[in-house]
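Participant:
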Amino acid sequence: MNNVLTPGSLHGIRALVTGSSRGIGADTASMLAAAGARVAINYRNKEARALKVVAAIEEAGGEAIALGGDLTDPASVAEMFAKVEQEWGGLDLLVLNASGGMESGMGDDYAMKLNRDAQINVLDAALPLMASGSRVVFVTSHQAHFVATAETMPEYLPVALSKRAGEDALRARIPEFDAKGIGFVVVSGDMIEGTITATLLERARPGAIASRRDEAGKLYTVNEFAAEVAQAAVDPVPADHTRYVGDVSSFLPATS
0 MNNVLTPGSL HGIRALVTGS SRGIGADTAS MLAAAGARVA INYRNKEARA LKVVAAIEEA
60 GGEAIALGGD LTDPASVAEM FAKVEQEWGG LDLLVLNASG GMESGMGDDY AMKLNRDAQI
120 NVLDAALPLM ASGSRVVFVT SHQAHFVATA ETMPEYLPVA LSKRAGEDAL RARIPEFDAK
180 GIGFVVVSGD MIEGTITATL LERARPGAIA SRRDEAGKLY TVNEFAAEVA QAAVDPVPAD
240 HTRYVGDVSS FLPATS
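Residue numbers (numbering that gives the first Met the number 0): 0 to 255.
1) Of the choices A59, L251, F224, whose alpha-carbon is the least far from that of P6?
2) Whose C-beta lies closer than 8 Å to the C-beta of K45 among residues of the same chain, with five residues either side of it excluded?
3) Please classify D148 as buried or exposed, where buried requires at least 16 neighbouring CB atoms within 10 angstroms.
4) Please determine, among A130, E214, A209, the residue with the shortest C-alpha to C-alpha distance to E175.
5) Looking at the unbroken alpha helix (DSSP H) that takes in A47, where does it start and where does it end?
6) Measuring alpha carbon to alpha carbon, tell me which of F145, Y155, F183 ends up nearest R163.
7) With distances taken Cα to Cα, identify the nearest neighbour of A117 among F137, G216, A47, D91.
8) Name the two residues that bound the continuous beta strand (DSSP E) containing N41.
9) In terms of alpha-carbon separation, which member of E150, E84, G165, D72 lies closest to L95?
10) Where does E227 land, buried or exposed, given buried means 16+ other C-beta within 10 angstroms?
11) From the DSSP output, in three-state form, read off V247 for me.
12) Pull up the DSSP beta-bridge partners for A63, would you.
13) Consult DSSP for S20 and reduce its assignment to one of helix, strand or coil.
14) Are there three or more Cβ pairs, one per stretch, closer than 8 Å when the stretch 74 to 85 is compared with the stretch 28 to 37?
15) Report the rounded CA-to-CA distance for A97 versus I64, giving the unit in angstroms.
16) L92 by DSSP, collapsed to three states: which one?
17) For the beta strand (DSSP E) that G182 lies in, which residues bound it at each end?
18) Quick one, are the C-beta atoms of I181 and V221 less than 8 Å apart?
19) Are the CB atoms of G18 and N41 within a distance shorter than 8 Å?
20) Does the distance from the C-beta atom of S187 to that of H141 stay below 8 Å?
21) Consult DSSP for S29 and reduce its assignment to one of helix, strand or coil.
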């Protein structure tokens with residue numbers, strides 16, 4: 000696994016990564032644990048998968064716990080953070096990785112409930128446990144981050160709009176973060192090879208991922224992007240609070 004963090008550099012850090020039973024979240028959590036952090040693996044209904052991630056971290060000498068929690072259910076979120084407080088007494092790093100909205104049968108408002116409302120609910124539950132020097136990392140896509148100025152695939156538009164709404168809601172809290180001494184970073188990347196979203200987009204529009212890969216020149220793998228998310232936990236906060244991963248030129252307005 001590609002891990003750019005120095006072993007031991009996160010010793011004593013208590014981290015929770017939402018949606019971390021697989022994919023980007025699982026790899027991010029594993030990298031944080033390899034650097035010495037104690038990591039909470041959040042899952043909605045795939046406990047066995049989360050426990051497998053925990054076991055792999057422990058076998059590698061790290062420390063992790065699995066915490067079930069439906070992020071769209073405030074009561075479930077409150078229970079999850081009560082367990083964090085009970086286990087660790089506080090939290091130093093919150094990685095808001097969980098997202099969705101292309102799943103079938105979840106309701107027309109599910110994307111907004113998960114990608115905006117749930118992000119704020121999770122933040123509000125976490126903040127009482129976070130002291131000065133802590134950090135919040137929000138994971139998004141270029142397609143969502145630039146949705147107001149760059150066209151995206153129609154199949155992805157509800158997700159893009161809801162994730163941008165979530166990002167905007169979190170950015171509105173920056174004065175509060177600053178007052179508390181909490182860092183805030185948005186990690187924005189292009190379509191990621193091998194994610195559920197990429198798979199669903201490819202199913203809805205065959206050839207979409209290959210087309211985007213050709214346009215961008217490269218799409219990051221899950222592991223490569225996770226390394227960037229993990230690094231955002233320790234690097235200085237950028238002036239605009241945004242860490243861009245990969246080429247963004249095709250999302251920027253054309254210059255004359």
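Glycine is no exception: its CB is placed at the ideal position from the N, C-alpha and C atoms.
Facilitator: If we stick to the structure as given:
1) A59
2) S20, R21
3) Contrary to the premise, residue 148 reads as Thr rather than Asp in this sequence. Answer is exposed; the Cβ neighbour count stays below 16.
4) A130
5) 46 to 58
6) F145
7) F137
8) 37 to 42
9) G165
10) buried
11) coil
12) V38
13) coil
14) no
15) 17 Å
16) strand
17) 182 to 188
18) no
19) yes
20) yes
21) helix
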